[in-house]
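Numbering (our numbering), first residue to last: 488 to 737.
Positions of the beta carbon are idealized from the N, C-alpha and C atoms, including for glycine.
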């Protein structure tokens, strides 16, 4: 199948609820591909996606590739793979929201960006989601490629990036609020978060993350502000470049 191994939507409004997608494959959107462009909002709720694959060399969305205004809620993703956005790739939409969803064991070292989720959308809200054990080269849990993006009350643990951003990699404006980044790993920089645009962090806990080179907790390559953020016990340091982030020591 060219796109959308189980569902291809190109017109009208897509609504999925309580569905199970397992073992599907397509060039983009291993299970679901949605580019309807409808003025109404597509919804994918209370559904599970397991072991779906985007097969294109630079494929998008191992489980879901969505190019439409969309909301997703209470969905589960495990074992999905793609070059961009191993589980979910959201692109070219007005807005995108994903809440109360779990991403577990998606991606691999062959995945380039976003072991769980990659967003290329100008208005993104990801809230109360859990990212555990996902893998990619950049952004083991989430890769932010457009913004502003808000990550709120999210939990990241055991995610791995071969290079930068064990939990999160962001190259667009983003906010990280009341979230936890614990025991994530980057091969080079930013075991917890790697930032190369404008990042605002508030009331987060960033602990016991590891980077192979620098910035075990946070690595800032542009502008980052911290408010009430706890950054502790990261290896080889909490923040890098060292002593450049007010509110973060070491």
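Helix, strand or coil at residue i according to DSSP, with G and I counted as helix
{"i": "residue 651", "result": "strand"}
{"i": "residue 656", "result": "strand"}
{"i": "residue 630", "result": "strand"}
{"i": "residue 732", "result": "coil"}
{"i": "residue 501", "result": "coil"}
{"i": "residue 640", "result": "coil"}
{"i": "residue 700", "result": "coil"}
{"i": "residue 535", "result": "strand"}
{"i": "residue 600", "result": "strand"}
{"i": "residue 666", "result": "coil"}
{"i": "residue 682", "result": "strand"}
{"i": "residue 722", "result": "strand"}
{"i": "residue 588", "result": "coil"}
{"i": "residue 513", "result": "strand"}
Per DSSP, cross-strand counterpart(s) of residue i
{"i": "residue 495", "result": "520"}
{"i": "residue 547", "result": "571"}
{"i": "residue 727", "result": "706"}
{"i": "residue 594", "result": "622"}
{"i": "residue 712", "result": "687"}
{"i": "residue 557", "result": "529, 583"}
{"i": "residue 672", "result": "647, 697"}
{"i": "residue 617", "result": "589, 642"}
Neighbour flag for residue i against chain C, beta carbons, 9 angstroms
{"i": "residue 608", "result": "Going by chain labels, chain C is absent from the structure shown, which holds only one protein chain."}
Residue range of the beta strand (DSSP E) that includes residue i
{"i": "residue 582", "result": "Segment: none, residue 582 is in no beta strand (DSSP E) and carries neither H nor E."}
{"i": "residue 607", "result": "604 to 607"}
{"i": "residue 692", "result": "692 to 694"}
{"i": "residue 530", "result": "529 to 532"}
{"i": "residue 509", "result": "507 to 509"}
{"i": "residue 719", "result": "717 to 719"}
{"i": "residue 565", "result": "563 to 565"}
{"i": "residue 613", "result": "611 to 614"}
Contact belief for residue i with residue j at Cβ below 8 angstroms, rounded distance in angstroms
{"i": "residue 529", "j": "residue 507", "result": "About 18 angstroms; that fails the 8 angstroms criterion."}
{"i": "residue 569", "j": "residue 588", "result": "So it is not a contact: roughly 17 angstroms between Cβ atoms."}
{"i": "residue 664", "j": "residue 696", "result": "Actually they do not touch by this definition, with Cβ atoms about 18 angstroms apart."}
{"i": "residue 533", "j": "residue 495", "result": "Residue 533 to residue 495, Cβ: 21 angstroms. No contact."}
{"i": "residue 706", "j": "residue 674", "result": "Their Cβ separation, rounded to whole angstroms, is 12 angstroms, which puts residue 706 and residue 674 out of contact at 8 angstroms."}
{"i": "residue 622", "j": "residue 662", "result": "The Cβ separation is near 25 angstroms, so there is no contact."}
{"i": "residue 517", "j": "residue 549", "result": "5 angstroms"}
{"i": "residue 659", "j": "residue 684", "result": "5 angstroms"}
{"i": "residue 645", "j": "residue 619", "result": "5 angstroms"}
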